[in-house]
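Protein chains in written order, with our numbering: chain A, 1 to 435; chain B, 1001 to 1286.
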Amino acid sequence: MKAKKLFPAVLSLGLLIGGGLAGCSSSDDKTSGEGGKDGDKVTVDIFQFKVEFKDQFEDIAKAYEEANEGVDINITTVGGGEDYGAALKSKFASGNEPTIYNVGGPQDVADWEDKLADLSDTDAAKAALSGTLEGVTKDDKVLGLPYNQEGYGFIYNKAIFEKAGIDPKSITSYSALEEAVKTLDSKKKDLGLTSVFALPAKETWVTGLHLSNVFLAPEFDQNVINAFESKEVTFEHGDAFKKVLDLQNKYSDQPTVSLDYAKQVEELFSTGKAAIIQQGNWVSGSIAGIDEELANSGVGILPIPVEGYKEDSIPVGVPMYWAVNSNKDEKEVAAAKEFLDWLYTSEEGKTAVIEDFKFIPAYEGYDASKISDPLAKEIYEYSSAGKTLAWTFMGYPTGWGQEKLGINIQKYVSGEMTWDELVEESTKAWAEARK
Amino acid sequence: MRNRNLWYWLFLAPALTALAMVVLLPLAYGVYYSFTDWNGIKTPSFVGLEHYKALFYEEEFRNALWFTTKFTIVSVFLINFFGLSLALLVTQKFRTNNILRTIFFMPNLIGGLILGFIWQFIFTKVFASVGELIGVEALEGWLSTETTGFWAMAILMSWQMAGYIMVIYISFLEGVPQELLEAAEIDGANSFQRFYHVTFPLVMPAFTVSLFLTLSNSFKLYDQNLSLTGGGPYNSTQMVAMEIFKTAFVENAMAFAQAKAVIFFLIVAAISLTQVYINKKREVEM
């Protein structure tokens, strides 16, 4: 009798707990393959952020799996609108650690240091272009491998410029830029423009990180580590900064505080309603989604002029680095390194990097003439001519660029804050973060 | 007796285990982390009350808290006002009652994120076009100032939750005995008097529930906030939940965010409990 009654209770309890635990445990089996019962099979879990080349990357991984039996590559992509950093932390916290993941710069390297394998013995690290490893080298150890190079500036619509009679080649200084903008503005109706610029002040990364970088890089001698170690920021080229921001804001579709990336690139620029936008070569895909022809042959890039410093340069840098998890067993780490080496130094990998991924390579030994994307090509040309500015925003204090400066810029463009207040508040926030 | 005790606990065990696993343990962990310098990656070390002290100087958090409070006051009022009005409307003897109920309830079936995006389109595109058409400049550029952003949030929230709250009021309104209303009518009470003196006290329990739900929901709002305004412009429409999320993941200060969350939890708990206590006292027994 007693046993009869006890049975359903125990059963229900068992089911509940069992069911609950099953949900948690099933996901770990794959990665925790220590001992590896199925022979020499190695699983390399990749957790990466670049949404734009997800499909192409998965294809190439499949090709690698076929050529290298025993290696299993799983790719998870979280990025684009999602917060990669947050996702990565949850991924680690869940115990389901990836083998290969991404780090952004000195701050990430400092945060993740215990979980970063030394990659200096890889071929890819040796082939990396000089300067690209600056942000991820610590005590002579290379802790990350660059994805690619990216550059940004003022992307313009060639047809509109031609119609307005402006020679883009002549725009190599702030005054020339201002002149061109005024010309465009005066012919707005004929050119079918709603505005010359589209300034997405809602996207704090465009203003707070990218735009500010152009004007802050000189004071850190264009070195990301200097920025990372600097106790203060002085806005040495603040006036030039203000001028370019004001110019964009004045001739932009309003209100700029609620103008976002989609509206800037897809709604205004790709449809020819805006002539110039401040963005990088990564927008090619978005533009192609609206107007393939425009993306393939109708866009060019202009430098962001820093008056009194360099007025004809394009900021070029590495968006993210591949890192290998040092917590994994040796075999897995070795497999991960081999894969990355193959990707960037083998002939097959190189072709994919340039032709399928449409990357601007950050490594030696590539045939640059094969770059098919026009923006990428132009940026590569700037880069080979040495007309570049470094990406130092990776060295800003965590959250400063977006949450402090970017927000202050929003206040500034909507008239809630003067420029002097912006400079004062932002320098204060920097000093506080670096105390 | 001992036997019964065993049964009692045994049957309760599944529920208690689940509760402990998903509520109590995380809560305890959260409180623990708020006393450390955890950044989400490294092993934490203990820092005591430091975060709680720093909280007093955090302007962002205070602004978010103040904005949330304002928002809650307005939306609790609006939601309950519209919820009760709709409930009164659909408990009248109309033929379209059932369809109306369904229609009013429907916004609640759409997820908060999606709703936010839909309304974002309405506020930025539809409002702007209408404004341009009829020449009212105030309709253009919604979501780009603090005030309009605030009202946009309040409108969205009332639109979504009024139908849900309506259902609660309906169930209580239908429970009001007809005899009482008839008796009042015979005594010469007009419809307002009947509502105010008979119906209103009897649906008091509905207020307890509805106020609690709207109050806590408005306070904890996150998804609508994220998709509609994203906290912008310049973080002026940022609510507490979002501020905490940003502290944790954008500024990479997990432990500090935990401290904020603990304070936030205490505030919401205190307000909700007080509200329920006050409301309970005003309920009448039939």
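We put the CB at the ideal spot given by N, CA and C, even for glycine.
Below 8 Å on C-beta distance, what does residue i contact in chain B?
i: W112(A); result: I1041
i: K62(A); result: Under the 8 Å cutoff, chain B gives no residues; its nearest Cβ is about 32 Å from K62(A).
As a quick exercise: from the options, pick the residue whose alpha carbon is nearest that of residue i.
i: A1162(B); options: E1146(B), F1127(B) and F1081(B); result: F1081(B)
i: Q278(A); options: A227(A), T204(A) and A86(A); result: T204(A)
i: T256(A); options: I166(A), N296(A), V109(A) and I407(A); result: I407(A)
i: L1143(B); options: K1220(B), M1242(B), P1107(B) and I1155(B); result: I1155(B)
i: S284(A); options: K273(A), I301(A) and D167(A); result: I301(A)
i: N213(A); options: L268(A), G317(A) and A201(A); result: G317(A)
i: H1051(B); options: I1041(B), T1274(B), A1259(B) and E1283(B); result: A1259(B)
i: G308(A); options: V71(A), F215(A), E421(A) and E113(A); result: F215(A)
i: I46(A); options: L88(A), T99(A), F53(A) and D59(A); result: T99(A)
i: D139(A); options: I160(A), V109(A), T388(A) and A159(A); result: V109(A)
i: A1206(B); options: A1064(B), A1018(B), V1176(B) and T1043(B); result: V1176(B)
Please compile the residues from chain A whose C-beta is within a distance smaller than 9 Å of the C-beta of residue i.
i: S1144(B); result: K202, Q254, P255, T256, V257, S258, L259 and S414
i: G1111(B); result: Simply none; closest approach about 16 Å.
Would you identify the three-state DSSP class for residue i, choosing helix, strand or coil?
i: D29(A); result: Note that D29(A) has pLDDT 42, beneath the 50 cutoff, so the model's placement of it is unreliable and the number below is only indicative. Three-state DSSP puts D29(A) in coil, outside helix and strand.
i: E229(A); result: helix
i: A128(A); result: strand
i: E347(A); result: helix
i: Y156(A); result: strand
i: A22(A); result: Bear in mind that the predicted position of A22(A) carries a pLDDT of just 48, short of 50, making it too unreliable to give a figure here.
i: V322(A); result: According to the sequence shown, residue 322(A) is Trp rather than Val. Strand at W322(A).
i: L1016(B); result: helix
i: P218(A); result: helix
i: E34(A); result: A caution first: E34(A) carries a pLDDT of 42, below 50, which makes its placement in the model unreliable, though a value can still be read off. In this structure, E34(A) counts as coil in the three-state DSSP scheme.
i: T207(A); result: helix
i: P1201(B); result: helix
i: G192(A); result: coil
i: D45(A); result: strand
i: V1284(B); result: coil
i: T1069(B); result: helix
i: L165(A); result: A small fix is needed here, since residue 165(A) is Gly in this sequence, not Leu. Correct three-state label for G165(A): coil.
i: D141(A); result: It should be pointed out that residue 141(A) corresponds to Lys in this sequence rather than to Asp. DSSP places K141(A) in strand when its eight states are reduced to three.
i: F1212(B); result: helix
i: V1250(B); result: coil
i: F197(A); result: strand
i: Y380(A); result: helix
i: Q1092(B); result: coil
i: E179(A); result: helix
i: Y1033(B); result: helix
i: G1149(B); result: helix
Using the beta-carbon of each residue, which ones in chain A are nearer than 8 Å to residue i?
i: E1251(B); result: T398, G399 and E403
i: T1124(B); result: S258
i: G1141(B); result: Q254, P255 and S258
Considering only the beta carbon of each residue, do residue i and residue j sit closer than 8 Å?
i: F197(A); j: I75(A); result: no
i: T1208(B); j: V1268(B); result: no
i: V1047(B); j: F1035(B); result: yes
i: Q410(A); j: G1232(B); result: yes
i: K250(A); j: T194(A); result: no
i: S326(A); j: A117(A); result: yes
i: L1226(B); j: V1198(B); result: no
i: S1158(B); j: I1079(B); result: yes
i: A176(A); j: T392(A); result: no
i: G85(A); j: M394(A); result: no
i: N148(A); j: A362(A); result: yes
i: E150(A); j: W322(A); result: no
i: D341(A); j: A124(A); result: yes
i: D72(A); j: T43(A); result: yes
i: G1040(B); j: N1217(B); result: no
i: D260(A); j: P200(A); result: yes
At a CB-CB cut-off below 7 Å, which residues of chain B make contact with residue i?
i: D83(A); result: F1249
i: Q149(A); result: Within chain B, no residue comes near Q149(A); the closest Cβ sits about 26 Å away, beyond 7 Å.
i: I407(A); result: Y1234 and N1235
i: K89(A); result: G1040 and I1041
i: Q264(A); result: Here the premise fails: no neighbours, minimum Cβ distance about 14 Å.
i: Q410(A); result: G1232, P1233 and Y1234
Who are the neighbours of residue i on chain B, taking C-beta pairs under 9 Å?
i: A86(A); result: G1040, F1245, A1248, F1249 and V1250
i: F92(A); result: G1040 and I1041
Suppose only complete runs of 3+ residues qualify. What are the beta strand (DSSP E) ranges in the region 52–107 of chain A, listed by chain order? Every unbroken stretch of the beta strand (DSSP E) spanning 3 or more residues and falling wholly within the region 52–107 of chain A is given here in chain order: 71–77 and 100–103.
Complete alpha helix (DSSP H) runs within the region 254–312 of chain A (minimum length 4 residues, chain order): Qualifying alpha helix (DSSP H) stretches, in chain order: 284–290 and 292–297.
What runs of the alpha helix (DSSP H), each 4 residues or longer, lie entirely inside the region 1161–1191 of chain B? 1178–1186
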